[in-house]
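Inspection log for the structure reproduced underneath, given as structure tokens.
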Amino acid sequence: MNRDHVLGRTRPFGIALDTPVRKPASPRRLADLAGLFADEEARKAAADRVVYRVDAAPVPEQQWELPFSITTVEPGDVSGELFMTRGHVHETPDGEMYYGLRGHGVLLLFDGTGASWVEMRPGAAGYIPPGWAHRSVNVGIDPYRFLAAYPGSAGHDYDAVLRDGMGARVFRDGGGFAVLDAGGNPVPEAPRHSL
Ligand code: M6P
Ligand code: ZN
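Take the sequence shown: its position 99, counting from 1, is numbered 106 in our numbering, and each next residue is one higher.
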């Protein structure tokens with residue numbers, strides 16, 4: 008790729024992270040999340056409830072670009088399973104970075120064999136390594152909001168998650184939450200580093 012070609016494509020800009028970026032994209036409701044929660048009947052019964060929305064910066068999903076977006080997941084659950092995004096794996100095995108802005112979340116990760124997770128609070132960064140499926144879960148009582156930045160070449164494959172799941176589900180547990188594998192065993196949290 009030659010530099011002159013990419014230089015003509017997009018222009019610098021800034022965005023205030025905590026105000027609506029553009030007109031919000033159409034919200035994802037429980038009606039749009041078929042086959043993802045363990046209790047499918049309970050999901051259908053509450054089909055109109057808004058689960059999350061994604062506000063994307065005006066960056067094209069093309070190689071060499073770095074698209075970013077703010078996702079807001081509402082608090083709530085389906086039979087105790089906490090509200091979450093659809094979840095996807097990248098079509099090309101690009102990594103991604105999340106940064107917590109508001110509320111309390113879990114970044115759930117799955118490499119096709121085992122699950123892992125990162126607790127997300129305002130100011131926390133979570134790393135999604137190449138090839139790992141990822142989903143965001145609101146484990147708090149307020150909306151959970153985070154910034155995501157990923158290579159423009161990545162693409163979104165949703166079928167892999169529908170077919171194979173995420174290796175774990177996140178449930179309400181008393182006043183807190185539990186990340187459990189298919190056998191009902193707790194999944195260990197990923198290590199947390201300081202810079
Ligand atoms: C983050 C990023 C986006 C993604 C969004 C919602 O903002 O990972 O690429 O679209 O979360 O997740 P999903 O597409 O899985 O519903
Ligand atoms: Zn992604």
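Ideal Cβ positions, reconstructed from N, Cα and C, are used throughout, including at glycine.
Beta-bridge partners of residue i, as assigned by DSSP
i	result
Pro67	Paired residue(s): none; Pro67 is not in a bridge.
Phe90	Note: Phe90 sits in no beta bridge, so no partner.
Asn145	Gly112
Leu187	Arg176 and Pro193
Gly133	Tyr105
Trp124	Leu115 and Glu196
Leu154	Ile77 and Tyr106
Asp84	Leu89
Tyr165	Looking at the DSSP assignment, Tyr165 forms no beta bridge with any residue, so it has no partner.
Ala140	Phe117
Val96	Asp164
Val57	Arg36
Asp46	Paired residue(s): none; Asp46 is not in a bridge.
Any non-hydrogen atom of the ligand M6P within 6 Å of residue i CB
i	result
His95	yes
Thr78	yes
Val177	no
Thr92	yes
Ala49	no
Val61	yes
Ala155	yes
Nonlocal neighbours in the same chain, by C-beta distance under 7 Å from residue i, ignoring five residues either side
i	result
Gly133	Tyr105, Leu114, Val125 and Met127
Val146	Leu89, His111, Gly112, Val113, Val177 and Phe184
Met173	Gly94, Leu115, Phe117, Ala122, Ala140 and Arg142
Glu81	Val57, Val58, Tyr59, Phe90, Asn145 and Pro150
Ser76	Val61, Asp62, Ala63, Ala64 and Ala155
Contacting residues, own chain, Cβ-Cβ under 6 Å from residue i (five flanking each side not counted)
i	result
Ala131	Gly107
Ala197	Ser123 and Val125
Val85	Phe44, Asp46, Ala49 and Arg50
Pro158	Asp101
Proximity test, residue i beta-carbon vs the ligand ZN heavy atom, cut-off 6 Å
i	result
Glu68	no
Glu81	no
Glu126	no
Glu103	yes
Cβ-based neighbour list, residue i, same chain, cut-off 8 Å, excluding 5 preceding and 5 following
i	result
Pro129	Gly107, Leu108, Arg109 and Gly110
Asp164	His95, Val96, His97 and Glu98
Thr17	Val66, Pro67 and Glu72
Ala53	Leu37 and Val85
Pro34	Val57, Val58, Tyr59 and Arg60
Pro193	Ala185, Val186 and Leu187
CB contact below 7 Å: residue i versus chain C
i	result
Val113	Within the model displayed, chain C is absent; a lone protein chain is all it includes.
#### Entry: the segment 133-148 touching the segment 98-105, judged by at least three CB pairs closer than 8 Å
yes
### Message
Can you confirm whether the segment 164-172 touches the segment 55-74 when touching is taken to mean that 3 or more C-beta pairs between the two stretches lie within less than 8 Å?
### Response
no
### Message
I want to know whether the segment 116-123 touches the segment 179-197 - three or more CB-CB distances under 8 Å.
### Response
yes
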